[in-house]
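See structure below.
2 protein chains.
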Amino acid sequence: MALGAEQGMAGLPTITAVAQVAGVSVATASRALHGGGASAATAERVRLVAEQLGYRPNAVARALQGGTIGQIAMIVPDAANPVYARMTSAVQHELAADDRHLLVAQAQDPADVAAAIGRFGPSAIDGLIVVPLRPEQQVLEALDAARVPTVVIGSLPPTAVHGAVGADSRAGVQLAIDHLVAQGAQRIAFVNGPVDTTPGRMRLEGYRLALDAAGMDFDPAHVVAADDFTHAAALPAIDALLERSARSFDAIVAANDLIAFAALRVLSDAGIAVPGDCLVVGMDDTELAQMAIPSLTSVDLGAEARGTLAAQQLLASLRGDADAISHATVVPRLVVRESSTRRDRP
Amino acid sequence: MALGAEQGMAGLPTITAVAQVAGVSVATASRALHGGGASAATAERVRLVAEQLGYRPNAVARALQGGTIGQIAMIVPDAANPVYARMTSAVQHELAADDRHLLVAQAQDPADVAAAIGRFGPSAIDGLIVVPLRPEQQVLEALDAARVPTVVIGSLPPTAVHGAVGADSRAGVQLAIDHLVAQGAQRIAFVNGPVDTTPGRMRLEGYRLALDAAGMDFDPAHVVAADDFTHAAALPAIDALLERSARSFDAIVAANDLIAFAALRVLSDAGIAVPGDCLVVGMDDTELAQMAIPSLTSVDLGAEARGTLAAQQLLASLRGDADAISHATVVPRLVVRESSTRRDRP
DNA sequence: TTGAAAGCGCTAACAA
DNA sequence: TTGTTAGCGCTTTCAA
Numbered sequence: 001m002a003l004g005a006e007q008g009m010a011g012l013p014t015i016t017a018v019a020q021v022a023g024v025s026v027a028t029a030s031r032a033l034h035g036g037g038a039s040a041a042t043a044e045r046v047r048l049v050a051e052q053l054g055y056r057p058n059a060v061a062r063a064l065q066g067g068t069i070g071q072i073a074m075i076v077p078d079a080a081n082p083v084y085a086r087m088t089s090a091v092q093h094e095l096a097a098d099d100r101h102l103l104v105a106q107a108q109d110p111a112d113v114a115a116a117i118g119r120f121g122p123s124a125i126d127g128l129i130v131v132p133l134r135p136e137q138q139v140l141e142a143l144d145a146a147r148v149p150t151v152v153i154g155s156l157p158p159t160a161v162h163g164a165v166g167a168d169s170r171a172g173v174q175l176a177i178d179h180l181v182a183q184g185a186q187r188i189a190f191v192n193g194p195v196d197t198t199p200g201r202m203r204l205e206g207y208r209l210a211l212d213a214a215g216m217d218f219d220p221a222h223v224v225a226a227d228d229f230t231h232a233a234a235l236p237a238i239d240a241l242l243e244r245s246a247r248s249f250d251a252i253v254a255a256n257d258l259i260a261f262a263a264l265r266v267l268s269d270a271g272i273a274v275p276g277d278c279l280v281v282g283m284d285d286t287e288l289a290q291m292a293i294p295s296l297t298s299v300d301l302g303a304e305a306r307g308t309l310a311a312q313q314l315l316a317s318l319r320g321d322a323d324a325i326s327h328a329t330v331v332p333r334l335v336v337r338e339s340s341t342r343r344d345r346p
Numbered sequence: 001m002a003l004g005a006e007q008g009m010a011g012l013p014t015i016t017a018v019a020q021v022a023g024v025s026v027a028t029a030s031r032a033l034h035g036g037g038a039s040a041a042t043a044e045r046v047r048l049v050a051e052q053l054g055y056r057p058n059a060v061a062r063a064l065q066g067g068t069i070g071q072i073a074m075i076v077p078d079a080a081n082p083v084y085a086r087m088t089s090a091v092q093h094e095l096a097a098d099d100r101h102l103l104v105a106q107a108q109d110p111a112d113v114a115a116a117i118g119r120f121g122p123s124a125i126d127g128l129i130v131v132p133l134r135p136e137q138q139v140l141e142a143l144d145a146a147r148v149p150t151v152v153i154g155s156l157p158p159t160a161v162h163g164a165v166g167a168d169s170r171a172g173v174q175l176a177i178d179h180l181v182a183q184g185a186q187r188i189a190f191v192n193g194p195v196d197t198t199p200g201r202m203r204l205e206g207y208r209l210a211l212d213a214a215g216m217d218f219d220p221a222h223v224v225a226a227d228d229f230t231h232a233a234a235l236p237a238i239d240a241l242l243e244r245s246a247r248s249f250d251a252i253v254a255a256n257d258l259i260a261f262a263a264l265r266v267l268s269d270a271g272i273a274v275p276g277d278c279l280v281v282g283m284d285d286t287e288l289a290q291m292a293i294p295s296l297t298s299v300d301l302g303a304e305a306r307g308t309l310a311a312q313q314l315l316a317s318l319r320g321d322a323d324a325i326s327h328a329t330v331v332p333r334l335v336v337r338e339s340s341t342r343r344d345r346p
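Taken in sequence, the protein lines are chains A and B.
First residue of the first sequence: 1, per the working numbering; consecutive thereafter.
First residue of the second sequence: 1, per the working numbering; consecutive thereafter.
The structure is reproduced here in structure tokens:
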């Protein structure tokens, strides 16, 4: 059994091996396996041999031949961050349904993001989803150079040819503030993340607009920005806020849930009760929000929806739907929980 | 300029285009780009042309030729879960340092895990990291069939030829209980996840052993298992525990942090103070643990370390280090915080 | 319906 | 140092 030996020797069985064993040409084998025009009899025989041999088509060879590899790459600032983890998970689900694989990379700084994009040579991926914290020129150029359909989760200059799925965080802050006002808040402080990021800029804008709309004055002493959108970075910022403002606020809007938790901690340590003495609203509505005590009111910016939409847009564009690429926005939704609800005190 | 037109037409510039423009053979071009033996002059010229043309080597073609594609796949139960997100992040970092890409897939049920493994045809990946909740026969078979170096995060039958990096969750529970005993706990309840999972089984075992070691009786009324390792699934389980045990415990060990948060919630709703009336210890030491109020004492089972180790083991084995594949165990570490520390009441 | 052959882009023998 | 050639595994013309 020379043939058997040949395939058993090294590596995986190739279509050539299958063809040989089945006694047909590789072309016929390919057609039989692929569904093309082959007599029912041969098709069946080839399929059987393939199964016996444990043949699996070589994805790389097929990709080289066909020009498409069935992989999408996604670049997030931090895969461990619950928000991005959820986005990633949503994207993966969507891709899996289309039988594609997801490559995940992490990069924060524009230079690193650009490098990460570049690291995927063209032909290694069919498409790209990028979540840039700071979509600077550098990043946009790398996106163009990538030469694959791309969707950005976040904002993009209106002139950009790539797809985009954004959260309307301005409206999100608005929701939070309207709610707090309705709850009777008089002076609403804002704990932001870095202002040189898109989310940071948008949320600050939303804060000013919403205050304006509510007829409240903007007081610089009531605004503080953490160096990062993290719990650790927010703690000192909130300490500073407390000191600087002489505690003259009765509500806090935090730029995300992690920062909101930092607020809960600092307030708790300072003996300020939530929601009794101060209301708190976060953003992103991570799973943590409902698990906290008090549970955290939070604005759902649709992390999951953004991931799903981005994936769908990309897939549609890959299928050749020219209109698929667009600039979409997900509508935020306020989820009210304990941290912003004044309890009755019977 | 026929050549220019040729490359500009369709698709990306190939090495053939570079070679033509530079006036050398493709072999020479390849060598010049690749570092092989080419005269400094030609090398420089070719490199220049490549740059001008924006040439990027086709990863797929290279993979087909070389047999290795520079990609590792990782299958986790749930990418959105903070523990797995951290593991994934750690793995990604390790791989990036070795200039490899990470494919992420999600699957919980053994059948789905097996299918997910199979979906990566061989040659599509160089290696595989799997985090199976239930490492049943089906999964092990799929692992064997994958025909690539594999490391399992979790436990594996000692006979398995794959690498494994496990957490010693038995010892982890031991740590928790020893600590609680030292804090004066008399009756320690245990809220587990599903017992038909590896973690569930191990943790229950650890609980019994630790009680034994501490000279405490095992009371079935003090043990309850949630249907899943989630907050939502744990809430009713803990309700049941409270009822069934008539609150006759003064400490709770939870099988993970999510379950611990559920405990905090249920206790809080029942008017039982933590740590005043009841101590609570979680497991996994997720970021949430330090953010909670009270902050949660938790056993760090080394999610990040397991990810890093698994990646390192896999990379070493890919580099041809035959001894790389082993069954390793990460030592758990107790992180004491407020939820288990009786405060002095001055 | 089938087979022979070309070619996807690249690297690596082997010659020159 | 360079060029020629073969071949990785597959799909797809083009003939038969």
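All residues carry an ideal CB built from backbone N, CA and C; glycine is no exception.
In whole angstroms, what separates the C-alpha of residue i from that of residue j?
i: threonine 230 (chain B); j: phenylalanine 261 (chain B); result: 10 Å
i: glutamate 94 (chain B); j: proline 82 (chain B); result: 18 Å
i: aspartate 323 (chain B); j: serine 317 (chain B); result: 7 Å
i: glycine 271 (chain A); j: leucine 309 (chain A); result: 43 Å
i: valine 264 (chain B); j: glycine 276 (chain B); result: The sequence as given places leucine at residue 264 (chain B); valine does not occur at that position. So the two alpha carbons sit approximately 12 Å from each other.
i: cysteine 278 (chain B); j: glutamine 186 (chain B); result: 11 Å
i: proline 157 (chain B); j: alanine 50 (chain A); result: 31 Å
i: glycine 35 (chain B); j: glutamine 20 (chain B); result: 19 Å
i: valine 181 (chain A); j: glycine 193 (chain B); result: 42 Å
i: glycine 350 (chain A); j: serine 268 (chain A); result: Here chain A covers residues 1 to 346 and nothing more, so residue 350 (chain A) does not appear.
i: leucine 64 (chain A); j: alanine 63 (chain B); result: 9 Å
i: glutamine 290 (chain A); j: alanine 80 (chain B); result: 16 Å
i: leucine 258 (chain B); j: glutamine 52 (chain A); result: 46 Å
i: alanine 240 (chain B); j: valine 224 (chain B); result: 8 Å
i: methionine 202 (chain A); j: alanine 255 (chain A); result: 10 Å
i: leucine 301 (chain B); j: leucine 48 (chain B); result: 51 Å
i: methionine 9 (chain B); j: serine 89 (chain B); result: Only weak support exists for where methionine 9 (chain B) lies, its pLDDT of 42 falling under 50; the coordinates are left without a value.
i: tyrosine 207 (chain B); j: phenylalanine 190 (chain B); result: 7 Å
Looking at the secondary structure, which residues open and close the beta strand (DSSP E) in which residue i lies?
i: arginine 333 (chain A); result: 333-335
i: isoleucine 153 (chain A); result: 150-153
i: glycine 282 (chain A); result: 279-283
From what residue to what residue does the alpha helix (DSSP H) around residue i run?
i: aspartate 112 (chain B); result: 110-119
i: valine 18 (chain B); result: 15-22
i: serine 169 (chain A); result: 169-182
i: phenylalanine 249 (chain A); result: First-last for phenylalanine 249 (chain A): undefined, no H or E at that position.
i: threonine 297 (chain B); result: Where threonine 297 (chain B) is concerned, there is no enclosing alpha helix (DSSP H), although the beta strand (DSSP E) it sits in stretches over 297-300.
i: glutamine 186 (chain B); result: No alpha helix (DSSP H) contains glutamine 186 (chain B), which DSSP labels as neither H nor E.
i: valine 195 (chain B); result: Where valine 195 (chain B) is concerned, there is no enclosing alpha helix (DSSP H), given that its DSSP letter is neither H nor E.
i: histidine 34 (chain A); result: 26-34
i: valine 46 (chain B); result: 40-53
Taking only three categories from DSSP, how would you classify residue i?
i: glutamine 312 (chain B); result: helix
i: phenylalanine 229 (chain B); result: coil
i: glutamine 71 (chain A); result: strand
i: histidine 162 (chain A); result: coil
i: valine 274 (chain B); result: coil
i: aspartate 212 (chain A); result: helix
i: serine 89 (chain B); result: helix
i: isoleucine 325 (chain B); result: coil
i: isoleucine 125 (chain B); result: coil
Practice prompt. With 7 Å as the C-beta to C-beta threshold (strictly closer), list the residues of the segment 219-232 of chain A near chain B in chain order.
Written response: His231
Fill in: Positions along the segment 114-140 of chain A whose CB lies within less than 7 Å of some CB in chain B
Gly121, Pro122, Ser123 and Ala124
Worksheet item: Given a limit of 8 Å on CB to CB distance, which residues of the segment 253-274 of chain B reach chain A?
Response: Leu258, Phe261, Ala262, Leu264, Arg265 and Ser268
Discussion item. Can you confirm whether the segment 334-341 of chain A touches the segment 287-299 of chain A when touching is taken to mean that 3 or more C-beta pairs between the two stretches lie within less than 8 Å?
Written reply: yes
Item to complete: Count the C-beta pairs between the segment 102-121 of chain A and the segment 66-81 of chain A that are closer than 8 Å, then say yes if the count reaches three, no if not.
Response: yes
Worksheet item: Taking contact to mean at least 3 C-beta pairs separated by less than 8 Å, is the segment 128-137 of chain B in contact with the segment 32-40 of chain A?
Response: no
Item to complete: Could you tell me whether the segment 121-129 of chain B touches the segment 143-154 of chain B, where touching means 3 or more Cβ pairs closer than 8 Å?
Response: yes
Worksheet item: Listed in chain order, which residues of the segment 290-307 of chain B have Cβ atoms closer than 7 Å to some Cβ of chain A?
Response: Met291, Ala292 and Ile293
Fill in: Contact residues within the segment 49-77 of chain B, judged by C-beta distance below 7 Å to chain A
Arg56, Pro57, Asn58, Ala59, Val60, Ala61, Ala63, Leu64 and Ile69
Worksheet item: Between the segment 170-181 of chain B and the segment 110-124 of chain B, are three or more C-beta pairs nearer than 8 Å?
Response: no
Practice prompt. Please list the residues of the segment 28-41 of chain A that have a C-beta atom closer than 9 Å to any C-beta atom in chain B, keeping them in chain order.
Written response: none
Worksheet entry | Residues of the segment 137-163 of chain A with Cβ closer than 9 Å to any Cβ of chain B, in chain order | Ala145 and Arg147
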